[in-house]
Amino acid sequence: MSQSPTYGNNATEMSSLSESAEYREAGVGAGAATVALGILIATAVQSLAHRLGLGSEEFSWAIGGIAGATMVAVLVGAARITGGGLFRMTAGAFLAMLPLLAVWLVPDWSSGFNAIFGPITPIGLVLAEIGWRFLAAPGDGLWFNTGLAWAILWLGAAFTVWRAWLRGGRQPPGRSLILVTWLLLAPLALAQAVRSAPTGDEFYYYLAASSVALDGDADLANNYKASILRRITPYAPAAIDAGMKIHLRQTEEKLISIHPIGFSILLAPGWAMAGRLGGVLTMALVAACIGGLLPVAARRLGFGEDIASLAWGFGMFMSPFYAFSAMAYPEPVAGALALGAFIIFLDKRALTLPKRATADAVAGLALGGMGLLNLKFLVLGASILLVFTVARWASQFRRVVVVSMWAAFAAAVAFAWHFWIYGEFNQYALEGQTEHAWAAFSSNPLKGAIGLFWATGGIFPYSMVLLFAPLGAALLIQSGKRQSAWLALAPFFPFYFFYCPYIAWHGGASGPARMILPVIPWVILAAAVGAAAAWRGRIGRALVLVTVAFGVGLTVFLTADPALWIITTMSSSIKEGALPFYFPFLSVERGFAYLLGDPTGSDLILWVEAGLFTALLAVSWFTAKRLGPGFRFDSPGTGVDIPMRQPAGPKKAI
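Sequential numbering of the sequence shown, starting at 1, is according to the working numbering.
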């Protein structure tokens with residue numbers, strides 16, 4: 001009877017495996033360093049363009065001009081990460097771009113310049129993407145296919161990192177994973193940014209960031225001028241004529257934005273360094289922090305490596321955090337702060353008193369300091385603190401008190417900060433139309449819940465893998481581990497119920513599910529649990545594969561055309577750089593973007609959607625009853641991916 005081969009009984013085999021592992025690790029390190037070099041080159045050149053006062057149109061020109069050096073670094077880095085040679089990577093990229101070459105062989109006869117140089121351009125894009133701005137004016141097709149190539153290349157690299165680092169049985173430190181995740185996200189975020197204008201409130205956040213960086217204050221009076229506005233959007237003069245001061249208010253002494261300036265202070269260093277590019281890299285780093293922290297949170301909740309690795313993959317490339325890595329909004333920052341504080345709470349290591357006191361102070365300041373971004377985030381901070389208090393009141397009373405004191409201090413500073421700048425605790429009162437603002441809230445909270453399925457503003461159409469979250473939640477509830485279930489699920493609900501009457505989850509002219517984004521990390525953790533359990537069955541495995549394939553495909557296409565992130569009524573105007581203000585509770589367009597219909601529609605549609613949602617919860621609950629008895633949350637290998645390598649046996653005596 002033959003036995004399956006095992007590792008560890010042969011010293012030569014183990015040595016060879018160790019060497020190959022070290023080689024792969026060195027390849028990942030070298031690839032990451034090379035990619036970082038390419039990003040630094042891009043940042044340096046864009047910083048020079050920013051300091052020369054070049055506008056947003058020149059922003060695209062600068063990116064195109066240095067794309068050669070950046071693309072070379074990207075290709076070399078990706079080759080190292082994936083273990084392939086530079087020639088193989090370049091050849092593969094060339095073959096992938098052949099369809100683009102075929103498209104360009106049919107020249108645009110409306111321009112003699114394009115007719116001559118058009119066919120040459122794709123070759124330049126493949127080898128180094130050098131000088132495409134000089135050879136031909138890129139049309140939508142060129143933009144789209146270039147973005148497609150970027151997305152496929154980088155998602156392939158991300159999958160390799162997932163298998164080698166996370167699924168290979170290794171547990172890289174959170175800081176290392178944050179760095180690698182940022183190196184993977186940053187080029188994709190840049191690819192999105194250069195293909196779209198700032199959306200919605202981004203305009204105001206960048207405008208305030210310029211004031212902080214240039215003047216060190218919140219007064220926008222001397223910043224609202226063409227020379228600065230054109231660094232934010234290529235359509236700044238038109239924006240001035242269209243009345244972009246809609247969210248700016250003139251007080252007796254200064255012109256201020258109704259948007260809290262705390263987030264703009266975070267953007268200011270990146271803005272001072274490289275304009276909007278610096279802001280994009282900052283937001284990519286914020287998203288990477290969430291990506292690096294998700295596996296840490298999963299492990300500290302007692303989940304195994306399967307669930308931890310799925311949480312990283314779902315969170316980074318199949319959730320709204322990917323879209324918002326190229327958008328400047330405060331919600332991802334609030335989510336990162338909440339998740340970081342949550343992880344500190346879960347830390348049961350025997351730390352020395354100074355280290356524990358420092359960690360608790362950081363957690364408390366993070367929870368209360370969210371108010372500097374927006375006072376509404378104090379609801380989230382209080383939620384995390386409440387969850388921690390209920391779970392650890394008896395065993396860690398002193399920690400609860402210390403963290404609460406720091407959080408209260410930071411929250412008091414946030415209130416005082418708002419009152420000092422705005423003269424109001426609620427800065428939105430400056431609009432003088434609080435009734436209009438509250439019109440976005442429905443009298444029926446169920447509409448907001450169903451709105452999560454609404455593709456123009458919800459979350460599930462863009463992140464179908466998160467449909468496994470109810471199954472994961474049911475498994476946790478039925479597991480009998482009350483404290484683990486409480487810690488994993490409870491942080492989501494208070495902030496959700498605070499916003500659930502809100503119809504427009506996207507918050508106006510921005511990406512999907514922005515308003516609920518700060519608590520999405522806990523949805524991702526539950527979805528990872530549900531997907532890991534579903535993988536054990538044939539039907540469940542098929543559903544996981546379908547949703548993951550859909551998520552990856554959507555990510556690729558949305559990288560190529562970022563306007564698809566935005567609601568359908570706005571996509572064409574966003575492509576043109578306009579910044580419209582769209583209120584879905586006043587005007588609704590039916591079209592491709594709807595999965596289950598309009599949550600503002602008739603009661604009949606609402607109840608049909610409610611029935612489908614209830615059915616999802618019921619199926620998840622009964623499926624959990626069936627899968628639960630044999631499912632191990634802490635299993636290092638539940639069969640989600642390739643079998644784990646068996647540990648080495650005892651060494652033979654020489």
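All C-beta atoms, glycine included, are put in the ideal place defined by N, C-alpha and C.
Pair within 8 Å by beta-carbon distance, residue i and residue j
{"i": "A209", "j": "S264", "result": "yes"}
{"i": "L517", "j": "P295", "result": "no"}
{"i": "P491", "j": "I290", "result": "no"}
{"i": "Y329", "j": "D201", "result": "yes"}
{"i": "S319", "j": "P470", "result": "no"}
{"i": "M283", "j": "F317", "result": "no"}
{"i": "L255", "j": "D219", "result": "yes"}
{"i": "G292", "j": "I524", "result": "no"}
{"i": "F419", "j": "I384", "result": "no"}
{"i": "A311", "j": "A326", "result": "no"}
{"i": "A663", "j": "L301", "result": "No information on residue 663 is available, as it lies outside the stretch 1 to 654 that the chain covers here."}
{"i": "T559", "j": "L188", "result": "yes"}
{"i": "W666", "j": "G278", "result": "Nothing about residue 666 can be read from this structure; the chain reaches only from 1 to 654."}
{"i": "V403", "j": "D360", "result": "yes"}
{"i": "A513", "j": "G551", "result": "no"}
{"i": "Q483", "j": "A391", "result": "yes"}
{"i": "L267", "j": "Y206", "result": "yes"}
{"i": "R536", "j": "L627", "result": "yes"}
{"i": "S463", "j": "T199", "result": "no"}
{"i": "A389", "j": "V465", "result": "Reading off the sequence, residue 389 comes out as Thr, not Ala. Taking 8 Å as the Cβ cut-off, T389 and V465 do not qualify as a contacting pair."}
{"i": "L543", "j": "A534", "result": "yes"}
{"i": "W393", "j": "V387", "result": "no"}
{"i": "A186", "j": "L281", "result": "yes"}
{"i": "T233", "j": "A287", "result": "no"}
{"i": "L285", "j": "W182", "result": "yes"}
Residue(s) in a DSSP beta bridge with residue i
{"i": "L475", "result": "Answer is none; L475 lacks a bridge partner."}
Where residue i sits in the DSSP three-state scheme
{"i": "K481", "result": "coil"}
{"i": "S510", "result": "coil"}
{"i": "K348", "result": "coil"}
{"i": "S620", "result": "helix"}
{"i": "G458", "result": "coil"}
{"i": "A488", "result": "helix"}
{"i": "R541", "result": "helix"}
{"i": "W393", "result": "coil"}
{"i": "Y224", "result": "coil"}
{"i": "S176", "result": "helix"}
{"i": "P198", "result": "coil"}
{"i": "D215", "result": "helix"}
{"i": "F631", "result": "coil"}
{"i": "S463", "result": "coil"}
{"i": "W417", "result": "helix"}
{"i": "W522", "result": "helix"}
{"i": "V529", "result": "helix"}
{"i": "W182", "result": "helix"}
{"i": "W406", "result": "helix"}
{"i": "T614", "result": "helix"}
{"i": "R398", "result": "helix"}
{"i": "G423", "result": "coil"}
{"i": "G591", "result": "In this predicted model, G591 has a pLDDT of only 29, less than 50, meaning its place in the structure is not dependable; the value taken from the coordinates is given anyway. Coil, per DSSP."}
{"i": "T655", "result": "Not covered by the structure: residue 655. The range shown for the chain is 1 to 654."}
{"i": "R626", "result": "helix"}
{"i": "R665", "result": "Residue 665 is absent from the model: the chain starts at 1 and stops at 654."}
Residue i Cβ short of 7 Å to the ligand MN heavy atom set
{"i": "A490", "result": "Among the ligands in the structure shown, none appear at all, so the ligand MN cannot be discussed."}
Inter-stretch contact (C-beta, 8 Å, three-pair minimum) for the stretch 369-382 and the stretch 407-425: A contact between stretches requires three or more CB pairs, one per stretch, nearer than 8 Å, and the stretch 369-382 meets this requirement with the stretch 407-425.
Start-end ranges of the alpha helix (DSSP H) lying completely within the stretch 301-379, minimum 4 residues: Counting only runs of 4 or more, we get 305-317, 320-323, 331-346, 353-369.
The stretch 477-495 / the stretch 378-397 touching (three or more Cβ pairs under 8 Å): Yes: at least three Cβ pairs fall under 8 Å.
Validate contact between the stretch 397-410 and the stretch 345-365 using beta carbons, cut 8 Å, 3 pairs: Counting Cβ pairs under 8 Å, three or more are found: they touch.
Cβ contact check for the stretch 527-536 and the stretch 458-476: 3 or more pairs under 8 Å: Using a C-beta cut-off of 8 Å, the stretch 527-536 makes contact with the stretch 458-476, since at least three inter-stretch Cβ pairs fall below that distance.
Segments assigned alpha helix (DSSP H), at least 4 residues, entirely inside the stretch 253-294: Every alpha helix (DSSP H) of 4 residues or more that sits fully in the stretch 253-294 is shown, in chain order, as 262-274.
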